[in-house]
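Novice: Protein sequence lines correspond, in order, to chains A and B. At position 129 of the first sequence (counting the first as 1) the number is 129 in this note's numbering, and the numbers step up by one without a gap. Here this note's numbering runs 442 ahead of the position in the second sequence, where the first position is 1. Below is the structure I would like to discuss, written out as structure tokens.
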Amino acid sequence: QAPAPATWNRRSLSWRVRTFPRDSPLGRDTVRALMHYALKVWSDITPLNFHEVAGSAADIQIDFSKADHNDAYPFDGPGGAVAHAFLPGDQLSAGDAHFDDDESWAFRSPDTHDMDLFAVAVHEFGHAIGLSHVAAASSIMQPYYQGPVGDPLHYRLPYEDRVRVWQLYGVRESVSPTAQPDTPEPEEPPLPPEPPNNRSGTPPRKDVPLRCSTDFDAVAQIRGEAFFFKGRYFWRLTRDGHLVSLQPAQMHRFWRGLPLHLDGVDAVFERTSDHKIVFFKGDRYWVFKDNNVEEGYPRPVSDFGLPPGGVDAAFSWAHNDKTYFFKDQLYWRFDEHTRRMDPGHPARSPPWRGIPSTLDDAMRWSDGAAYFFRGQEYWKVVEGELEAAPGYPRSTARDWLVCTDPQADPEGEDGEAGAHARPGQRGQSRSEDGFEVCSCTS
Amino acid sequence: APAPRAEDLSLGVEWLSRFGYLPPADPTTGQLQTQEELSKAIAAMQRFGGLETTGILDEATLALMKTPRCSLPDLPAAAPARRRR
Numbered sequence: 001q002a003p004a005p006a007t008w009n010r011r012s013l014s015w016r017v018r019t020f021p022r023d024s025p026l027g028r029d030t031v032r033a034l035m036h037y038a039l040k041v042w043s044d045i046t047p048l049n050f051h052e053v054a055g056s057a058a059d060i061q062i063d064f065s066k067a068d069h070n071d072a073y074p075f076d077g078p079g080g081a082v083a084h085a086f087l088p089g090d091q092l093s094a095g096d097a098h099f100d101d102d103e104s105w106a107f108r109s110p111d112t113h114d115m116d117l118f119a120v121a122v123h124e125f126g127h128a129i130g131l132s133h134v135a136a137a138s139s140i141m142q143p144y145y146q147g148p149v150g151d152p153l154h155y156r157l158p159y160e161d162r163v164r165v166w167q168l169y170g171v172r173e174s175v176s177p178t179a180q181p182d183t184p185e186p187e188e189p190p191l192p193p194e195p196p197n198n199r200s201g202t203p204p205r206k207d208v209p210l211r212c213s214t215d216f217d218a219v220a221q222i223r224g225e226a227f228f229f230k231g232r233y234f235w236r237l238t239r240d241g242h243l244v245s246l247q248p249a250q251m252h253r254f255w256r257g258l259p260l261h262l263d264g265v266d267a268v269f270e271r272t273s274d275h276k277i278v279f280f281k282g283d284r285y286w287v288f289k290d291n292n293v294e295e296g297y298p299r300p301v302s303d304f305g306l307p308p309g310g311v312d313a314a315f316s317w318a319h320n321d322k323t324y325f326f327k328d329q330l331y332w333r334f335d336e337h338t339r340r341m342d343p344g345h346p347a348r349s350p351p352w353r354g355i356p357s358t359l360d361d362a363m364r365w366s367d368g369a370a371y372f373f374r375g376q377e378y379w380k381v382v383e384g385e386l387e388a389a390p391g392y393p394r395s396t397a398r399d400w401l402v403c404t405d406p407q408a409d410p411e412g413e414d415g416e417a418g419a420h421a422r423p424g425q426r427g428q429s430r431s432e433d434g435f436e437v438c439s440c441t442s
Numbered sequence: 443a444p445a446p447r448a449e450d451l452s453l454g455v456e457w458l459s460r461f462g463y464l465p466p467a468d469p470t471t472g473q474l475q476t477q478e479e480l481s482k483a484i485a486a487m488q489r490f491g492g493l494e495t496t497g498i499l500d501e502a503t504l505a506l507m508k509t510p511r512c513s514l515p516d517l518p519a520a521a522p523a524r525r526r527r
């Protein structure tokens, strides 16, 4: 039985490149940048934060050394052992990472003799925060070098690595890998930490919605993940359809720049043209790049040719690259390329039959189908069809938010998917990888 | 498969000890590995590396042993191959 993995009991860790590669074409700034992004891969999805320091007291000391360098893992010249790092429990060198200076370190070089520094650093920093080797060929933690892993700015950890590190540290509140953790906190004072989730303890905050018995203000697919908004909160499902946290995240703490008095949104969608995210509330809308609102917003919805009063729902239909807006029993069709409303709108009967005449929101999911939400139910229109699929509406809470019987158990304890596969799951049980992500948000 | 050459065998034993598949050789007794222990250790390494589990130092296994890798062991030092099951 492998000993329980040691982990850091602090969340803020410092790092420093103490010695650089001597004969490498990689400049010092490139080496430091690659180390920054290799650490960011792990801090993007966990509550860990890494910051570079100059002094010698860094938690994670990074060295480029040759042959025997005074630890239990002497290097062996080009090839063979290329790097190692020390787990958090190591007495002398916890977190330190050593790279063999006899290797030809490169960055996304096509030359197979080169060693991609970013790829190796992501692996070694996995050790530095407590992960050990695994046999899974697709894991970044398998021991053999597999070549470059692509662009550091867009690199995403394989799912099993994310689950394993979540089991060590829990999930990071800010949900998108593009989150800029160093953006300034909103002006309101930092919220007190969540009370421990024990029932006998302090009661949950009054305004926190219960995911198993609520309807939703807005639903959107953003960067492949599903977001369910209610009041000042939202739940998120990963692209594999896994609910990241049973507790909702606070909208204002992640979507930076929404006015603090905003108590909810009407509709949200991701623009297909530039992948920016558009939020609607009343007569106004905001455009976000990643999770930061752009300058000059909010603006009036008349920019889209919409009348005062705002919208109930909005979504981009990939089938024709149009954006549909819904309000009461009317709908509009907006052309993202010409940036104008198509003539003949608003109109009464949208292209899809069998969906309700009024909507809370709509979105397209990774299975290509369009999903329409109203109240606590949803309708599915399979890609290429124009009619709601038979057997709908179904319960949103049960199929998307891991509730058993939404009425019986408002707390919505973590239940198994129903007889039907949940849309995000496509027929796989939640534990198909033998992993469960039980995240603690407090 | 042809019997591995002596140097491959010694490379293999050194490699297996280094990455946690064999207990480190005892410097005083120069503890030799039994053939059965060696075969189990090779099989464990082949399983971890996604190779066919033959228990012998075949070509694919020797090639994987020459692949650049992380220095850390694959198994916790205290867990010799037989306990891996």
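Glycine included, each C-beta is placed from N, C-alpha and C at the ideal position.
With a threshold of 8 Å between beta-carbons, can V175 of chain A be considered close to chain B, or not?
Specialist: Residue mapping note: residue 175 of chain A aligns to position 175 of the first sequence, counting from 1. Low local confidence applies: a pLDDT of 49 at V175 of chain A is under 50, so the model's placement there is unreliable, with the coordinate-based value given in what follows. No, no contact with chain B.
Novice: In its own chain, which residues sit with a C-beta less than 7 Å from the C-beta of L386 of chain A, not counting the 5 before and 5 after it?
Specialist: Taking the first sequence and counting its residues from 1, one reaches residue 386 of chain A at position 386. Cβ neighbours of L386 of chain A beyond the five flanking positions: P351, W352 and R353.
Novice: Excluding sequence positions up to five away, which residues of its chain have a Cβ less than 7 Å from the Cβ of D101 of chain A?
Specialist: For the purposes of this step, residue 101 of chain A is taken as residue 101 along the first sequence, with counting starting at 1. Correct list, in chain order: P21, R22, F64, S65 and K66.
Novice: Tell me the DSSP bridge mates of P300 of chain A?
Specialist: Taking the first sequence and counting its residues from 1, the one referred to as residue 300 of chain A is at position 300. Note: P300 of chain A sits in a beta bridge opposite A:R284.
Novice: I think E444 of chain A touches R239 of chain A, with their Cβ atoms under 8 Å apart; what is that distance to the nearest whole Å?
Specialist: There is simply no residue 444 of chain A to check, as chain A begins at 1 and stops at 442 in what is shown.
Novice: Which term fits D448 of chain B, buried or exposed, when burial requires 16 or more other beta carbons within 10 angstroms of its beta carbon?
Specialist: Numbered from 1 along the second sequence, position 6 holds the residue referred to as residue 448 of chain B. Reading off the sequence shown, one finds Ala at residue 448 of chain B, where the question assumed Asp. Exposed is the call here.
Novice: Where does K327 of chain A land, buried or exposed, given buried means 16+ other C-beta within 10 angstroms?
Specialist: If you number the first sequence from 1, residue 327 of chain A lands on position 327. Buried.
Novice: Going by the beta-carbon positions, is the gap between A483 of chain B and L514 of chain B smaller than 8 Å?
Specialist: Looking up residue 483 of chain B in the second sequence gives position 41. Looking up residue 514 of chain B in the second sequence gives position 72. For A483 of chain B and L514 of chain B, no; Cβs fall outside 8 Å.
Novice: Taking all protein chains shown into account, do 16 or more other C-beta atoms lie within 10 angstroms of the C-beta of D321 of chain A, making it buried, or fewer, making it exposed?
Specialist: In the first sequence, counting from the first residue as 1, residue 321 of chain A sits at position 321. D321 of chain A should be labelled exposed.
Novice: Closest to G384 of chain A by C-alpha separation, out of A:H319, A:V402 and A:T272, would be which residue?
Specialist: As a first step, residue 384 of chain A is located in the first sequence; it is residue number 384 there, counting from the start. Checked all of A:H319, A:V402 and A:T272; the closest Cα to G384 of chain A is A:H319.
Novice: P189 of chain A: buried (16+ other C-beta within 10 angstroms of its C-beta) or exposed?
Specialist: Mapped onto the first sequence, residue 189 of chain A falls at position 189. Summary for P189 of chain A: the model assigns pLDDT 32, below 50, so the residue's position carries little reliability, and this model does not support an answer.
Novice: Closest to F445 of chain A by CA distance: which of A:A370, A:R18, A:S104 and A:V402 is it?
Specialist: Since the first and last residues shown for chain A are 1 and 442, residue 445 of chain A lies out of range.
Novice: Report the option in A:T338, A:V311, A:V41 and A:Y159 whose CA atom is closest to the CA atom of F279 of chain A.
Specialist: For the purposes of this step, residue 279 of chain A is identified with residue 279 of the first sequence, where counting begins at 1. Minimum Cα distance to F279 of chain A is reached at A:V311.
Novice: Taking only beta-carbon atoms, is S481 of chain B less than 8 Å away from chain A?
Specialist: Translated into positions along the second sequence, residue 481 of chain B becomes position 39. Answer no: the Cβ-Cβ gap between S481 of chain B and chain A never drops below 8 Å.
Novice: Are the C-beta atoms of E188 of chain A and some chain B residue less than 8 Å apart?
Specialist: As a working note, residue 188 of chain A is residue 188 in the first sequence. Confidence is the limiting factor: at E188 of chain A the pLDDT is only 33, short of 50, which leaves the residue's position unreliable and the question unanswerable from this model.
Novice: Compare the C-beta of W459 of chain B with all C-beta atoms of chain A and state if any pair is closer than 8 Å.
Specialist: Here the question's residue 459 of chain B lines up with position 17 in the second sequence. The sequence shown places Ser at residue 459 of chain B, not Trp. Chain A contact via Cβ: absent.
Novice: Would you check if the distance between the CB atom of W235 of chain A and the CB atom of F288 of chain A is smaller than 8 Å?
Specialist: Here the question's residue 235 of chain A lines up with position 235 in the first sequence. Here the question's residue 288 of chain A lines up with position 288 in the first sequence. Going by C-beta atoms, W235 of chain A is not nearer than 8 Å to F288 of chain A.
Novice: Which chain B residues are close to V41 of chain A, counting only those with a beta carbon under 7 Å from its beta carbon?
Specialist: Numbered from its first residue, the first sequence carries residue 41 of chain A at position 41. What V41 of chain A touches in chain B: nothing, since even the nearest Cβ is about 16 Å away.
Novice: How many Å lie between H36 of chain A and I277 of chain A at the Cα?
Specialist: As a working mapping, residue 36 of chain A is identified with position 36 in the first sequence. As a working mapping, residue 277 of chain A is identified with position 277 in the first sequence. Looking at the two C-alpha atoms, the distance is approximately 27 Å.
Novice: Cα separation between G391 of chain A and A218 of chain A?
Specialist: Numbered from 1 along the first sequence, position 391 holds the residue referred to as residue 391 of chain A. Numbered from 1 along the first sequence, position 218 holds the residue referred to as residue 218 of chain A. About 23 Å.
Novice: For G80 of chain A and chain B, any beta-carbon pair shorter than 8 Å?
Specialist: To locate residue 80 of chain A, count along the first sequence from 1; it is residue 80. Output row for G80 of chain A: interface = yes.
Novice: Does V381 of chain A get closer than 8 Å to chain B when you measure Cβ to Cβ?
Specialist: For this step, residue 381 of chain A is matched to residue 381 along the first sequence. With 8 Å as the cut-off, V381 of chain A does not count as an interface residue toward chain B.
Novice: Between the alpha carbons of M115 of chain A and D290 of chain A, how many angstroms are there, rounded?
Specialist: If you number the first sequence from 1, residue 115 of chain A lands on position 115. If you number the first sequence from 1, residue 290 of chain A lands on position 290. Cα to Cα, M115 of chain A sits roughly 32 Å from D290 of chain A.
Novice: What does D516 of chain B reach in chain A if we use C-beta pairs closer than 7 Å?
Specialist: Reading the second sequence from its first residue, position 74 is the one you call residue 516 of chain B. Ordered by position in chain A, the residues that pass the 7 Å Cβ test against D516 of chain B are H133 and P143.
Novice: Tell me which residue opens and which closes the beta strand (DSSP E) that S65 of chain A is part of.
Specialist: The count along the first sequence starts at 1 and reaches residue 65 of chain A at position 65. Element bounds for S65 of chain A: I60 to S65.
Novice: For the beta strand (DSSP E) containing G383 of chain A, list its first residue and its last residue.
Specialist: Here residue 383 of chain A is taken as the residue at index 383 of the first sequence, counted from 1. Contrary to the premise, residue 383 of chain A reads as Glu rather than Gly in this sequence. For E383 of chain A, there is no enclosing beta strand (DSSP E), as DSSP gives it neither H nor E.
Novice: Count the other CB atoms within 10 Å of the CB of L153 of chain A; is the residue buried (16 or more) or exposed (fewer)?
Specialist: Position 153 of the first sequence, counted from the first residue, corresponds to residue 153 of chain A. When all chains shown are included, L153 of chain A counts as exposed.
Novice: Under 8 Å between beta-carbons, which chain B residues line up against H84 of chain A? List them in chain order, please.
Specialist: If you number the first sequence from 1, residue 84 of chain A lands on position 84. Those are C512, S513 and L514, listed as they occur along chain B.
Novice: Decide yes or no for the touch test of the stretch 143 to 153 of chain A against the stretch 496 to 512 of chain B: beta carbon pairs closer than 8 Å, at least 3 of them.
Specialist: yes
Novice: Closer than 8 Å by beta-carbon distance: list the chain A residues that pair up with T509 of chain B, in chain order.
Specialist: Counted from its first residue, the second sequence places residue 509 of chain B at position 67. Y144 and Y145, listed in chain order.
Novice: Between the stretch 475 to 495 of chain B and the stretch 85 to 99 of chain A, can you find at least three pairs of beta-carbon atoms closer than 8 Å?
Specialist: They do not touch, by the three-pair rule.
Novice: With DSSP as the reference, please indicate the residues paired to K327 of chain A in a beta bridge.
Specialist: In the first sequence, counting from the first residue as 1, residue 327 of chain A sits at position 327. DSSP lists A:L330 as partners of K327 of chain A.
Novice: Under a three-way DSSP split, which group does V460 of chain A fall into?
Specialist: No answer is possible for residue 460 of chain A: the residues shown for chain A start at 1 and end at 442.
Novice: Please report the residue range of the beta strand (DSSP E) in which V41 of chain A lies.
Specialist: As a working mapping, residue 41 of chain A is identified with position 41 in the first sequence. V41 of chain A -> not in any beta strand (DSSP E); alpha helix (DSSP H) instead, spanning R28 to S43.
Novice: Three-state secondary structure (DSSP) at M487 of chain B?
Specialist: Here residue 487 of chain B refers to the residue found at position 45 when the second sequence is read from its first residue. Helix at M487 of chain B.
Novice: In this structure, what does DSSP give as the bridge partners for M363 of chain A?
Specialist: Here the question's residue 363 of chain A lines up with position 363 in the first sequence. Its beta-bridge partners are A:Y371.
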